[in-house]
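A.B. asks: Structure in structure tokens, see below.
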Amino acid sequence: MTVGVFGGTFNPPHCGHLIVAESVRDTLRLDSVLFIPAAQSPHKGVQSLAPARDRLEMTRLAVAGNSGFEVSDLEMQRGGTSYTVDTLREVALLRPGSKLKLLIGADNLFDFGGWKSPADILELADLVVLTRPGFDPPPQRSGLLERASVVTVPQVGISGTDVRRRVKFNKSIRYMVPAPVEEYIRRHALYR
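Residue numbers (this note's numbering): 539 to 730.
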């Protein structure tokens, strides 16, 4: 099996995440995309981070109905700061024989060298860089792009920051997040 590993805070999971994941799944003919909500991202603060159990449940609701998508709680079970290398090691143990493809946004490419154990990450999974139309790759300083697949994904103007801001100011998030996620946010008074 070929599995796309798609990590993030998913705070909240939105339609942009789903469109991009489906585009990559289709383009690379992945058997599945594994969404892994972070317990705590090493790159983001906790100021507006919804509780882990809520982000996990919203991610489950977001992917429901797509047999090509799965959700894992392994980072939340592990707790603490979620490092990609640790997650990939666990996924490899849980899915022996699977070919792992790590999905990262093109913006993460610039600081990938500063991630925990980047060489080990590249041993555990193939790197898939998600770009926007018109993206110009960075100069080949580390040769990283030579080892990566570059997939151009649809430009989707939705961000978690915007969704949270809209909720805070009582504005509609309809069509920005799947309807069950919208209902969950409302029912649990998240991002107020």
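All residues carry an ideal CB built from backbone N, CA and C; glycine is no exception.
Computed from a predicted structure; not experimentally measured.
State yes or no: is the C-beta of residue 668 within less than 8 Å of the C-beta of residue 558?
C.D. replies: Result yes, Cβ atoms of residue 668 and residue 558 sit closer than 8 Å.
A.B. asks: For residue 622, which residues from the same chain have a beta carbon less than 8 Å from its beta carbon, with the 5 sequence-adjacent residues on both sides left out?
C.D. replies: Once the five neighbours on either side are set aside, the close Cβ partners of residue 622 are 545, 640, 653, 654 and 659.
A.B. asks: Buried or exposed: which applies to residue 722, given that a residue is buried once 16 or more other Cβ atoms fall within 10 Å of its Cβ?
C.D. replies: With 16 or more Cβ atoms within 10 Å of its Cβ, residue 722 is classed as buried.
A.B. asks: My guess is that residue 548 and residue 575 are in contact by the Cβ rule of under 8 Å, so how many angstroms apart are they, rounded?
C.D. replies: Yes, residue 548 and residue 575 are in contact; Cβ-Cβ is about 5 Å, under 8 Å.
A.B. asks: Report yes or no: do three or more beta-carbon pairs, one from the region 561 to 574 and one from the region 587 to 606, lie closer than 8 Å?
C.D. replies: They touch, by the three-pair rule.
A.B. asks: Have a look at the DSSP bridge pairing and note the partners of residue 664.
C.D. replies: In the DSSP output, where bridge partners are listed per residue, residue 664 has 639.
A.B. asks: Considering Cα atoms alone, identify which of 626, 649, 630 and 586 is closest to residue 699.
C.D. replies: Residue 699 has its Cα closest to that of 586, out of 626, 649, 630 and 586.
A.B. asks: What span of residues does the alpha helix (DSSP H) with residue 608 cover, start to end?
C.D. replies: Counting along the chain, residue 608 falls outside any alpha helix (DSSP H), though it belongs to the beta strand (DSSP E) covering 607 to 609.
A.B. asks: Between the alpha carbons of residue 595 and residue 661, how many angstroms are there, rounded?
C.D. replies: Those two C-alpha atoms are separated by around 31 Å.
A.B. asks: For residue 575, which residues does DSSP report across the bridge?
C.D. replies: Residue 575 is bridged to 546.
A.B. asks: Once the 5 residues before and after residue 588 are set aside, which same chain residues still bring their CB inside 6 Å of it?
C.D. replies: 549 and 728.
A.B. asks: Excluding the 5 residues flanking residue 702 on each side, which residues of the same chain have their C-beta closer than 8 Å to its C-beta?
C.D. replies: Here the set comprises 549, 550, 586 and 729.
A.B. asks: According to DSSP, is residue 686 helix, strand or coil?
C.D. replies: Three-state result, residue 686: strand.
A.B. asks: Go ahead and label residue 665 buried or exposed: buried means 16 or more other beta carbons lie within 10 angstroms of its beta carbon, across all protein chains shown.
C.D. replies: Buried is the call here.
A.B. asks: Enumerate in chain order the residues of its own chain whose CB-to-CB distance from residue 617 is below 7 Å, with the five nearest sequence positions on each side excluded.
C.D. replies: So the qualifying residues of the chain are 577.
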